[in-house]
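Participant: Under our numbering, the letters of the sequence shown match residues 4 to 201, in that order.
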Amino acid sequence: MAVRVDPRADRSHTAALEAARGILLEEGWDALTHARLAERSGLHRATIYRHWPTPTALLHDVLAREVATTRIRPTGNLRSDLIKALTAIQREITDRDLSRVMTALIDRGEWDTELHRIKVGLTRASVGVICQVLETGKERGELAARLDPDAGVSLLVGPLLYRRLLSGEPLTPPFIRSIVDSFLAGNRSGGSTRSREA
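(1) Once DSSP output is grouped into helix, strand and coil, what is the label at R143?
(2) Relative to the alpha-carbon of N190, which residue among A154, R76, R68, D84 has its alpha-carbon at the smallest distance?
(3) Can you tell me where the alpha helix (DSSP H) holding D64 begins and where it ends?
(4) Does the Cβ-Cβ distance between I75 and D64 come in under 9 Å?
(5) Specify the secondary structure class of R111 as computed by DSSP and reduced to three states.
(6) Measuring only between beta-carbons, confirm whether L125 sits less than 9 Å from chain C.
(7) Is the beta carbon of F178 within less than 8 Å of some heavy atom of the ligand NAP?
(8) Measuring CA to CA, which of L62, S157, L174, L150 is closest to G25?
(9) Pull up the distance between the alpha-carbon of H119 and that of T59, whole angstroms please.
(10) Tell me which residues share the same chain as I92 and place their Cβ nearer than 7 Å to its Cβ, disregarding the 5 neighbours each side in the sequence.
(11) In the DSSP output, which residue or residues are listed as bridge partners for R191?
(12) Are the CB atoms of A88 and V123 nearer to each other than 9 Å?
(13) Candidates L168, L174, G144: which alpha carbon is nearest L187's?
(14) Assign E69 to one of two classes, buried (16 or more other C-beta atoms within 10 Å of its C-beta) or exposed (fewer than that).
(15) Between which residues of its own chain and A147 is the CB-CB distance below 6 Å, once the five residues before and five after are set aside?
(16) Given this structure, state the Cα-to-Cα distance separating Y52 from R103, to the nearest angstrom.
(17) Within 10 angstroms of the Cβ of W55, are there 16 or more other Cβ atoms? Answer buried if so, exposed if not.
(18) Which residue comes first and which comes last in the alpha helix (DSSP H) that contains I92?
(19) Could you tell me which of A107, L46, G79 sits nearest to W32, measuring between CA atoms?
(20) Using a Cβ-Cβ cutoff of less than 7 Å, which residues in the same chain neighbour A41 once the five nearest sequence positions on both sides are dropped?
(21) So for L20, helix, strand or coil by DSSP?
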C-alpha cells in the first residue's frame with residue numbers, strides 16, 4: 004500500500020529549503036541557523052528541528068537539492084552525454100548561484116569531518132551520471148573493458164576543478180569538448196566505431 008504524504012508537510016519542507024537557499028545566497032554560510040530560518044520561512048522552530056536537527060543537516064539538503072536539478076538524463080550518445088554531464092558540473096561550480104557555497108564546502112570539508120562526509124556524498128551524487136555513462140559505454144563496447152569508471156571520472160572532472168579552483172582559466176564549451184575528445188581518444192575500445200558527433 005502506498006504511503007500517503009501530507010501535502011502540508013511537503014509544502015513546509017519545500018518552503019524551508021527555499022528560504023534556506025535564500026539565506027545562503029544573501030547572508031552567507033554562517034547565517035544559516037534554525038532561528039534565522041524560522042524567522043525567514045515563517046515556520047515554527049520545532050518543525051525545522053524535526054526535519055533538520057543541525058544546521059549541517061539543513062545545509063546538506065539545500066545543496067543536495069541543487070545537485071539534483073543539474074542531473075542530466077543520458078541519451079545513449081557517449082560523446083554527447085559526457086559533454087552534457089561535464090557542462091552540468093561546470094554550471095554547478097561556476098554559473099549557479101550556490102557555486103561559492105560549493106567551493107567553501109570543499110575548503111571547510113578539509114577541517115570538519117561532518118562537512119567532509121557531506122562533500123563526498125554530494126560529489127558522488129554529482130558524478131554518478133558520468134559513472135553510469137561510462138559503464139554503459141563499456142557494456143556497449145564503445146569504451147575499453149579495462150577502463151575503471153572511477154578513474155574515468157577523475158580524468159574528466161579533474162581539469163574542470165583545476166581551472167575553477169587553481170588556475171582561474173575559463174571553463175568554456177570548447178575546453179569541455181576537448182576534455183571529452185582527449186578522454187575518448189585514449190579510452191575507446193579497439194574495435195568500436197565512433198559515436199555520432201554532438
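The C-beta atom is built at its ideal place from N, Cα and C for all residues, glycine as well.
Facilitator: Based on what the coordinates show:
(1) DSSP places R143 in coil when its eight states are reduced to three.
(2) Cα-wise, what sits closest to N190 is A154.
(3) Boundaries of the alpha helix (DSSP H) around D64: 58-72.
(4) No, these two residues do not count as a Cβ contact at 9 Å.
(5) In the three-state reduction of the DSSP assignment, R111 falls in the helix class, which pools H, G and I.
(6) As a matter of chain content, chain C is missing from the structure shown, which is built from one protein chain.
(7) Of ligands this structure carries none, so the ligand NAP is not represented either.
(8) Selected option, being the one with the closest Cα: L62.
(9) Their Cα atoms are separated by approximately 11 Å.
(10) Beyond the five residues adjoining it in sequence on each side, I92 comes within less than 7 Å, by CB distance, of S129, V160, L163 in the same chain, given in chain order.
(11) In DSSP, R191 forms a bridge with L146.
(12) With contacts defined by Cβ atoms closer than 9 Å, A88 and V123 do not form a contacting pair.
(13) Considering only alpha carbons, the answer is G144.
(14) That one is buried.
(15) By the criterion of a C-beta distance shorter than 6 Å, A147 is surrounded in its chain by N190, S192, once the five residues flanking it on both sides are discounted.
(16) Taking the straight line joining both Cα atoms gives about 26 Å.
(17) Classification of W55: buried, given that the 10 Å Cβ count is 16 or more.
(18) Counting along the chain, the unbroken alpha helix (DSSP H) around I92 starts and ends at 81-93.
(19) Of the candidates A107, L46, G79, the residue whose Cα lies closest to the Cα of W32 is A107.
(20) Closer than 7 Å at the Cβ level, and outside the excluded window around A41, lie H47, R48, I51.
(21) L20 falls in the helix class under three-state DSSP.
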